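Using the numbering used here, count along the sequence shown one by one with no gaps and you end on 769. In this text, a Cβ means the ideal position worked out from N, Cα and C, and glycines have one as well. Note that this is a predicted model, so its numbers are computed, not measured. Data block below; observations after.
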Amino acid sequence: MAASLKSSLNGLSGSSGETVAEGARRATGEAVSPEAARLDPEVVAIARRRKFSESEKRLLLAEAERCKQAGTLGAFLRREGIYSSMISTWRKKVGGADRAALAPKKRGPRPDGSARQIQELERANARLRHKLERAELIIDAQKKLCVALDLPTADDRSGDA
């Protein structure tokens, strides 16, 4: 057994006279040419995400709807290379788009975002003006009260300094 193990190891070490790149040997121990190692069909060069247009999605959905017999939908999905979750997601999106398309439209001009902002600013300006008028009335009342009670006012204090 040890002799057969050594002979198999010798066969793997490349003693056959030809130089073989490391990693270019098969599991059986036979050498593979560098071109064959490069053209391995199991290795995908660059995987790219598939993108479906709206028309392709609608065609695939229509074809999926026609698959009524047992097993035909699975065969269709395998043939097209898509998942059942993609079909269900597309159905939801198409249903939502159809509901949105059939929903009643609001009448009248579309609201302008800048006009709404201007209205909000004008309301805030009016509110602040009202608060200022109230504050001025309170200040005037305090001044009159100070004069009536012969208390020093802010004007008197600034004149003394």
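It is roughly 55 Å from the alpha-carbon of Asp-720 to the alpha-carbon of Ala-756. Judged by beta-carbon spacing, Ile-695 lies within the 8 Å limit of Leu-669, meaning their Cβ atoms are closer than that value. The C-alpha of Trp-698 lies about 38 Å from the C-alpha of Ala-723.
A straight-line Cα-Cα distance of about 35 Å links Asp-763 and Leu-729. Our two residues, Ser-663 and Arg-718, have alpha carbons roughly 30 Å apart in a direct line.
For Leu-759, there is no enclosing alpha helix (DSSP H), as DSSP marks it with neither H nor E.
The stretch 647-684 is shown to contain whole alpha helix (DSSP H) runs of 4 or more residues at 662-673, in chain order. DSSP places Arg-699 within a helical segment (H, G or I) once states are collapsed to three. The beta carbon of Phe-684 is closer than 7 Å to those of Glu-671, Ala-672 and Cys-675 in its chain, skipping five residues each way along the sequence. Taking C-alpha positions only, Gly-703 is separated from Gln-725 by approximately 35 Å. Cα atoms of Arg-707 and Arg-687: separation of roughly 31 Å, rounded to the nearest angstrom.
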